[in-house]
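One structure below.
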Amino acid sequence: MGALNSNDHLYDVVVVGAGPVGLATAAGLRSRGITNIAVLERARSFRQVGQVLDILPNGLRALKYLDPQAHQVILEPTAPAGPPRPAPQWFYRDLQGQAIRSVSMDSEDWLQKYGESRNSLSWFNVQTRLRELVPQEDIWINHRCVDLREAAGYVEVDCVSNATEEQNPYAHWTAPVPDGANSETPETFEEKKLRAKLVIAADGINSTVRQWLYSEESYSNQAKPAYSGFAAFLCMDVGELPEALWAELAEQYFQGQPVVTVCQNAESQDEVVSLEETTGRSRIMMFRRGKSCGYIVHTPISLDALQGTSGAASTALAIQQLEQAGFPDCIKQFVRLAPPERFTQRPYHMHRAESEGETAAWSSGRVVLVGDAAHGMPPFLAQGVNQGFEDAATVVAAIERIQRRGQWGDEGAIASLFQQYEQLRRPVMARVQKLTLTEKARWSDRQSEDYNQWVFGRDLAQELAAL
Ligand SMILES: Cc1cc2nc3c(=O)[nH]c(=O)nc-3n(C[C@H](O)[C@H](O)[C@H](O)COP(=O)(O)OP(=O)(O)OC[C@H]3O[C@@H](n4cnc5c(N)ncnc54)[C@H](O)[C@@H]3O)c2cc1C
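In the working numbering, the protein residues as written are 8 to 474.
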């Protein structure tokens, strides 16, 4: 049953998705006096979900540009949920336990090196803190955008309000829905139409707006995310390990730290290859919290091998991957100890910023994609949300110009600014995505530092002045 509830108000901007990127965008617009906005969120309530996000200097710099208060709230310290954070160094070790590299986790070090620090917060905490900056009445929960229509001078946005609880309202936790299986419209719902001069799609990797934007035959293969070639196998709580196993892991790998990443052996540092030439291999992050331990295995694997496996068969697949990569018995034994009901596998999907053939644009007319909706990717370099904040800053800079020049009615000017947004952001994303899929353990110290300077040291405000 559907009831139509039409809202005749014409918004300057409708943001679809109250995740980190949508809310940061809304905060940035408000801080520039653009307050005639609505943020649509399909979740029926804000719930404690999501993984830990590392907010890094480039993301913080973007937040500062958007709204100094956003920068401030995100920097406030709290103990993050999830695996414990190593302090003060996060070690990457080879299969024999030799240190390959370590990363400082001390925010002061980051501040000194890159002019901005870092913080680790759960997705829910990031969302909660950014929500503080947007009036509650501007965030419309239980409004799932289902369709859009272009009209003269505005875009019409169709939403449904759901009367039944959704299982997985957070896009980054779900694999894409296979074709023909998208029967999400509930039996009891209310329809609503909104009108907006601009629509910013921040609705995550399974973006509805992206599917609308790429509905033409020639782009339909880019509408939904594609498998990245990598998956995670994880168990956040294996329980207490047998004493002898713990003693072996502690002595060889943990070496006094609560977290360690073990990777396949790095080749000699003399054999320096270009960063893009290396393809990521299997690695495991192991952590200990109190007496319990957990792990996340990241591994290249075909989607065919993953499909249809769960429980004990999935654990066996993870062990097989580690076996093939030469991981020692103690690590395989640790992985095997995970209780099947606490063991999860997660294929990582992505929207490639660069691909063979014609790439579909991130905007059309008055509608533009940001964050994971534009370029979702695996989290190996912890850049997803940070790059999303850079998108938000760039799009807000573009809209600020539209506002200043009174160009809300000028579709040519809007299209041109959204193209400039993409020209600034797409090459950065293409490089970040390429590097995300490489073998970080094989980067030389020099290559690592070059990457850090490139991604963390950029002067965003100066880049945006060129818009
Ligand atoms: C395991 C893991 C670890 C990660 N670690 C890091 C990290 O350390 N650092 C980092 O930078 N990134 C990390 N990421 C990536 C990061 O989570 C994403 O890049 C980030 O959440 C993207 O933000 P977003 O706002 O674009 O999309 P999302 O976070 O997916 O938010 C989208 C929002 O839109 C809503 N929505 C969806 N569809 C609709 C619709 N049709 N109508 C209305 N609302 C809708 C959703 O409910 C959600 O609230 C990680 C990801 C994973 C899976």
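Ideal Cβ placement from N, Cα and C applies to all residues, glycine included.
With respect to Asp-15, Arg-202 sits close: the two C-beta atoms are nearer than 9 Å. The DSSP-derived three-state label of Asn-126 is strand. Following the DSSP letters along the chain, one finds Lys-200 inside the beta strand (DSSP E) bounded by residues 196-208.
Collapsing the DSSP output to three states places Asn-213 in coil.
By the Cβ criterion, the stretch 210-224 is not in contact with the stretch 336-352, since fewer than three pairs of Cβ atoms, one from each stretch, lie closer than 8 Å. Per DSSP, Phe-261 lies in no alpha helix (DSSP H) and is assigned neither H nor E. At the C-beta level, Trp-130 and Gly-57 come within 9 Å of one another.
When only Cα atoms are considered, Arg-412 and Asp-19 end up about 14 Å apart. Here Gly-464 has Tyr-121 as same chain residues with Cβ atoms under 6 Å from its own Cβ, once five neighbours each way along the sequence are excluded.
Distance from the CA atom of Arg-373 to the CA atom of Val-162, rounded to whole angstroms, is 7 Å.
Asn-213 has its Cβ nearer than 8 Å to a heavy atom of ligand 1.
Excluding residues up to 5 positions away in sequence, Leu-67, Leu-70, Lys-71 lie with their Cβ nearer than 7 Å to the Cβ of His-78 in the same chain. Annotation for Gly-395: the continuous alpha helix (DSSP H) segment containing it runs 391-411. Taking 8 Å as the cut-off, one finds no heavy atom of ligand 1 near enough to the beta carbon of Arg-359.
In the same chain as Glu-115, and ignoring 5 residues on each side of it, the C-beta atoms closer than 8 Å to its own belong to Ser-124, in chain order. The residue from Ala-158, Pro-354, Ser-225, Ser-299 with its alpha-carbon nearest to that of Gly-416 is Ala-158. Relative to ligand 1, even the nearest heavy atom lies 8 Å or more away from the CB of Pro-354.
In this structure, the CA atom of Phe-240 is about 9 Å from the CA atom of Ile-291. Comparing alpha carbon positions, the residue from Ala-33, Leu-60, Leu-474 closest to Leu-47 is Ala-33. Here the distance from the Cβ of Leu-442 to the nearest heavy atom of ligand 1 is not below 8 Å. Contact between Leu-444 and Gln-340 is absent: CB atoms are separated by about 29 Å, not below the 8 Å threshold. The Cβ atoms of Trp-97 and Val-266 sit closer than 9 Å to each other. Residue pairing by DSSP leaves Phe-350 without any beta bridge partner. Under the DSSP assignment, Asp-417 falls outside any beta strand (DSSP E); it carries neither an H nor an E label. Taking the Cα positions, Ser-109 is about 16 Å away from Phe-387.
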